[in-house]
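Novice: I have a structure here, written as structure tokens, and I will follow up with some questions on it.
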Amino acid sequence: MNRNESEVRLMKGNEAMAEAAIRVGIHAYFGYPITPQSEVLEYLMEEMPEDGGVVLQAESEVASINMVYGAAGAGTRVMTSSSSPGISLMQEGISYIAAAELPCLIVNVNRGGPGLGTIQPSQGDYFQSVKGGGHGDYRLLVLAPNSVQEMVDFVFEGFRLAEKYRNPILLLADGALGQMMEKVELPPAGSLPHVVPEWATRGKAANRSQNIVTSLHIEPENMEKVNIHLQAKYETMKVEVRSESLNTEDAEIVLVAYGLSARIAEKACDLAREKGIRAGLLRPITLFPYPEAAIGALAESGNVENFLVLEMNAGQMVEDVRLAVNGRKPVHFYGRMGGMIPSPEDVLHEIEKIVEHSSVKA
Amino acid sequence: MENTMISCENLVYDNHMHTLTGTAFHYCPGCGHGVAHKVIMEVVQEMGIQEQTVGVAPVGCSVFAYHYMNVDMQEAAHGRASAVATGIRRVLPDKFVFSYQGDGDLAAIGTAETIHTVNRGENILMIFVNNGIYGMTGGQMAPTTLAGAVTSTSPRGRDIAVSGSPIKITDMLAMLPGAYYVTRQSIHNPNAVRKLKKAIRLGFEYQKLKKGTCFIEVVSNCPSGWKMTPVESMKWMEENMFPYYPLGDIKLPAQPIPVNNN
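Just so you know, the protein sequences line up as chains A and B, in that order. With our numbering applied, the first sequence closes on residue 1345, and no number is skipped along the way. With our numbering applied, the second sequence closes on residue 266, and no number is skipped along the way.
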């Protein structure tokens, strides 16, 4: 394999993401095995070149995320990955990383919960991902891939954004995206240059004052200033909002779904169109910042009568859709939980019920 | 902040070290932290490694260690200092990396990180200040609090049947192959401080060899938490702490390595 050139391969999501991590030039990966993402650590252990980054199996996800903190604070490009229970264990460290403004990439290959749950795919970690799973007022920039290709692309995009904003980036996938194989184009290595930041703790040069990586600001006046700064940063991050629209121009019903659910929703829209129902899809690609303007514009549209939010959880993102729609149109929800994946036919059935009910009312 | 809280009018030692920031310590009168900080930074200065040194501060009384130690530092979450130090050292393998941790941090909440860091033989220096109490939160029972000792969470004295025995984590760690140099020192008199400094010098020098973790326990005092005068606390430490935590080397490198003491 020549990593200096782009390459097209058939790969599993987790392995493609790990290959992307090598190509983006990570200096270190720290992780702990957990299904359904252990292939990331396995692949990196096998494939990381001799002169490449550090790959270390830590004693826990708690240790992993704190190793990420240390390596990110040392000004290197560093990542970790896990699945839901492991990501829960990392929340303390993620809060510290966000507060200390350290760039890094964290991958959650979401599985069914709560608790030990199941190893099957789920989107039950939406709240934890976008509302702040750890303590305090902080935000992660959350990227939600819906293909193996995007698992790869968002590793590069994730580090670009992390280093631009000095903020941890969460790549929120799920067990299906991690495990499924698709054709993927891998970008060449070296396409995202890394610059050692001046704030990094690498030894105090004689000509500068000490660099300190900390989240401790004991005086409330100072702590408030830090919070104001962070909130202002999160506002500027909103220009990174991304979503994708499919057939929404004439849609009477707009499905809103991200990740794997968006793949299912797309198929359900096709089935609905075959039955003469004008269905469209709005797919949030960034979950924070949330594409509220794109959804708001659809809520203003004269042809849109209903929204249907599809998630593999009990209804989490639907709250953000309702905030964006702000009462202008009905917002319905359909979801499966605990690792169950809804079928396009299930979703079509929901679409039909909503449209039928709507026309009866009219 | 520190300068407004603490007046320097009683300063008995004028600091000309460039490895200390010159900020007056916030520690209580008689506390051992200030001595430990100064000795570590003396070693960094004498070895001329300020530009190659990165420290990790804990959660505990020494949470503000970076206000005093004039080296690049990271503040770790409670108990996680050795994992943070691992992250730093792994990406900067030729730098000197040390963690500075208290007993609650290292031997209670951070036990897993402590054991596995040493077991991997991370090439870092871990400095473990054991004063047998949670100082910063106001004098609660620590994992190293002696049997029968009264604290705010053991008001009738530490009951071994309920809370277990004070943990001798340094002795435990010495059993791990990853531990290269393990010693227990103190700060209770000038001679002890000199020995501590020698140990810290070894701890830094040995990092160059990349042979494993150096671990130095510093048995220390907490006059405020122990509700004693500084002099009483030193005496109590000698009479009560040292019998349970005896001073001296616990694990020495298999083959003595000549160390340049210039």
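We put the beta carbon where it would ideally sit given N, CA and C, even for glycine.
(1) Is A/ASN1150 close to chain B, meaning its C-beta is less than 9 Å from at least one C-beta of that chain?
(2) Compile a chain-ordered list of the residues in the segment 1027 to 1050 of chain A whose CB is closer than 9 Å to at least one CB of chain B.
(3) Does the ligand HEM have a heavy atom nearer than 8 Å to the CB of A/ARG1261?
(4) Of the choices A/ALA1041, A/ILE1236, A/PRO1170 and A/VAL1224, whose alpha-carbon is the least far from that of A/LYS1336?
(5) What is the C-beta distance between B/PHE29 and B/GLY36, in whole angstroms, given that I count them as a contact (C-beta under 8 Å)?
(6) Going along the segment 1182 to 1194 of chain A in order, which residues come within less than 9 Å of chain B, judged by CB to CB distance?
(7) Whose C-alpha, out of A/ALA1145, A/GLY1242, A/GLU1181 and A/PRO1032, is nearest the C-alpha of A/GLU1093?
(8) Go through its chain and collect everything with a Cβ distance to A/ARG1149's Cβ below 6 Å, but skip five positions before and after it.
(9) Taking only three categories from DSSP, how would you classify A/GLU1218?
(10) Give the interface partners of B/LYS212 over in chain A, defined as CB-CB distance under 9 Å, in chain order.
(11) Is the CB of B/MET179 under 9 Å away from at least one CB in chain A?
(12) Please classify B/GLY26 as buried or exposed, where buried requires at least 16 neighbouring CB atoms within 10 angstroms.
(13) Once you ignore the five residues that flank A/GLY1014 on each side, which residues in its own chain have a CB closer than 6 Å to its CB?
(14) Tell me whether A/GLU1181 sits in a helix, a strand or coil according to DSSP, three-state version.
(15) On the DSSP bridge list, what partners appear for A/ASN1091?
(16) Given that A/TYR1079 touches chain B, what residues does it touch there, using C-beta distances under 9 Å?
(17) Using the Cα positions of A/MET1134 and B/ARG94, report the straight-line distance between them to the nearest angstrom.
(18) Suppose the cutoff is 8 Å on Cβ atoms and the five residues either side in sequence are ignored; what does the same chain contact list for A/ASP1120 look like?
(19) Go ahead and pull the three-state DSSP assignment for B/SER237.
(20) What would DSSP say about A/HIS1212, mapped onto helix, strand or coil?
(21) Would you please verify whether the beta carbon of B/ALA27 is less than 9 Å from any beta carbon of chain A?
(22) Can you pull the chain B neighbours of A/ALA1240, defined as C-beta to C-beta under 8 Å?
(23) Using three-state DSSP, classify B/ARG93 as helix, strand or coil.
(24) Compute the Euclidean distance between the alpha carbons of A/THR1269 and A/MET1206, then round it to the nearest angstrom.
(25) Can you pull the chain A residues whose beta carbon is under 8 Å from the beta carbon of B/TYR70, in chain order?
(26) Report yes if the CB atom of B/VAL88 is closer than 9 Å to the CB atom of A/ASN1049, and no otherwise.
(27) Taking the CB atoms as reference points, tell me whether A/GLY1321 and A/GLY1095 lie closer together than 9 Å.
(28) Which chain B residues are close to A/THR1063, counting only those with a beta carbon under 7 Å from its beta carbon?
(29) If you drop the 5 nearest sequence neighbours on each side, which residues of the same chain put their C-beta closer than 6 Å to that of B/TYR70?
(30) Using a Cβ cut-off of 7 Å, pull out every chain B residue sitting near A/HIS1010, in sequence order please.
(31) Quick one: complete alpha helix (DSSP H) runs, 4+ long, within the segment 60 to 89 of chain B?
(32) Which residue from A/GLY1053, A/GLY1100, A/TYR1052 and A/ALA1082 puts its Cα closest to that of A/GLY1069?
(33) According to DSSP, is B/ASN7 part of a helix, a strand, or is it coil?
(34) Return no unless some Cβ of chain A is closer than 9 Å to the Cβ of B/ALA87.
(35) So, with DSSP's three-state summary, where would you put A/TYR1109?
(36) Jot down the residue ranges of each uninterrupted beta strand (DSSP E) in the segment 113 to 162 of chain B, minimum 3 residues, whole runs only, in chain order.
Specialist: Let me spell this out:
(1) Looking up residue 1150 of chain A in the first sequence gives position 167. Judged by the 9 Å Cβ criterion, A/ASN1150 is not in contact with chain B.
(2) GLY1036, VAL1037, LEU1039, ALA1041, GLU1042, SER1043, VAL1045, ALA1046, SER1047, ILE1048, ASN1049 and MET1050
(3) Within the structure as shown, the ligand HEM is missing, as the structure has no ligands at all.
(4) Locating residue 1336 of chain A in the first sequence gives position 353, counting from the first residue. That would be A/ILE1236, whose Cα lies nearest to the Cα of A/LYS1336.
(5) Locating residue 29 of chain B in the second sequence gives position 25, where the first residue counts as 1. Locating residue 36 of chain B in the second sequence gives position 32, where the first residue counts as 1. Actually they do not touch by this definition, with Cβ atoms about 11 Å apart.
(6) ALA1183, THR1184, ARG1185, GLY1186, LYS1187, ALA1188, ALA1189, SER1192, GLN1193 and ASN1194
(7) In the first sequence, counting from the first residue as 1, residue 1093 of chain A sits at position 110. According to the sequence as given, residue 1093 of chain A is Asn; it is not Glu. Taking only the C-alpha atoms, the option nearest A/ASN1093 is A/GLY1242.
(8) Within the first sequence, residue 1149 of chain A is the residue found at index 166, counting from 1. The residues are GLU1084 and PRO1086.
(9) Here residue 1218 of chain A is taken as the residue at index 235 of the first sequence, counted from 1. A/GLU1218 falls in the helix class under three-state DSSP.
(10) Within the second sequence, residue 212 of chain B is the residue found at index 208, counting from 1. None at all; the shortest Cβ gap to chain A is about 15 Å.
(11) As a position in the second sequence, residue 179 of chain B is number 175, starting the count at 1. Not an interface residue.
(12) One-based indexing of the second sequence puts residue 26 of chain B at position 22. It is exposed - the Cβ of B/GLY26 has fewer than 16 other Cβ atoms within 10 Å.
(13) For the purposes of this step, residue 1014 of chain A is taken as residue 31 along the first sequence, with counting starting at 1. Within the same chain, A/GLY1014 has close Cβ partners LEU1024, SER1047, THR1063 and SER1064.
(14) Your numbering for residue 1181 of chain A matches position 198 in the first sequence. Residue state, collapsed to three classes: coil.
(15) As a working note, residue 1091 of chain A is residue 108 in the first sequence. For A/ASN1091, which the question treats as bridged, DSSP gives the partners A/SER1065 and A/LEU1155.
(16) As a working mapping, residue 1079 of chain A is identified with position 96 in the first sequence. Simply GLU79, ALA80, ALA81 and ARG84.
(17) Translated into positions along the first sequence, residue 1134 of chain A becomes position 151. Translated into positions along the second sequence, residue 94 of chain B becomes position 90. Their Cα atoms are separated by approximately 26 Å.
(18) Your numbering for residue 1120 of chain A matches position 137 in the first sequence. The residues are ASN1210, LEU1213 and GLN1214.
(19) For the purposes of this step, residue 237 of chain B is taken as the residue at position 233 of the second sequence. Collapsing the DSSP output to three states places B/SER237 in a helix.
(20) Against the first sequence, residue 1212 of chain A aligns to sequence position 229. Secondary structure of A/HIS1212 (DSSP, three-state): helix.
(21) What you label residue 27 of chain B is simply residue 23 of the second sequence in a count that begins at 1. One detail in the question is off: residue 27 of chain B reads as Thr in this sequence, not Ala. With a threshold of 9 Å between beta carbons, B/THR27 makes no contact with chain A.
(22) As a first step, residue 1240 of chain A must be located in the first sequence, where it is residue number 257. Under the 8 Å cutoff, chain B gives no residues; its nearest Cβ is about 36 Å from A/ALA1240.
(23) Reading the second sequence from its first residue, position 89 is the one you call residue 93 of chain B. Here B/ARG93 sits in helix by DSSP.
(24) Within the first sequence, numbered from 1, the residue matching residue 1269 of chain A stands at position 286. Within the first sequence, numbered from 1, the residue matching residue 1206 of chain A stands at position 223. A/THR1269 and A/MET1206: Cα-Cα distance of roughly 28 Å.
(25) Numbered from its first residue, the second sequence carries residue 70 of chain B at position 66. Within 8 Å Cβ-Cβ: GLN1193, ILE1195 and THR1197.
(26) Looking up residue 88 of chain B in the second sequence gives position 84. Looking up residue 1049 of chain A in the first sequence gives position 66. For B/VAL88 and A/ASN1049, yes; Cβs fall inside 9 Å.
(27) For this step, residue 1321 of chain A is matched to residue 338 along the first sequence. For this step, residue 1095 of chain A is matched to residue 112 along the first sequence. Closer than 9 Å, so yes.
(28) On the first sequence, residue 1063 of chain A is found 80 positions in, with the first residue counted as 1. Result: empty, since nearest Cβ-Cβ is about 10 Å, beyond 7 Å.
(29) Sequence index remark: in the second sequence, residue 70 of chain B carries index 66 (1-based). The residues are ALA61 and MET77.
(30) Reading the first sequence from its first residue, position 27 is the one you call residue 1010 of chain A. Result: VAL95.
(31) 69 to 72
(32) What you label residue 1069 of chain A is simply residue 86 of the first sequence in a count that begins at 1. Of the listed residues, the one whose Cα sits closest to A/GLY1069 is A/GLY1100.
(33) Residue 7 of chain B sits at position 3 when you count from the first residue of the second sequence. With a pLDDT of only 49 at B/ASN7, under the threshold of 50, the placement of this residue in the model should not be trusted, and no figure is reported.
(34) To locate residue 87 of chain B, count along the second sequence from 1; it is residue 83. So, interface residue.
(35) As a first step, residue 1109 of chain A must be located in the first sequence, where it is residue number 126. Three-state result, A/TYR1109: helix.
(36) 129 to 134
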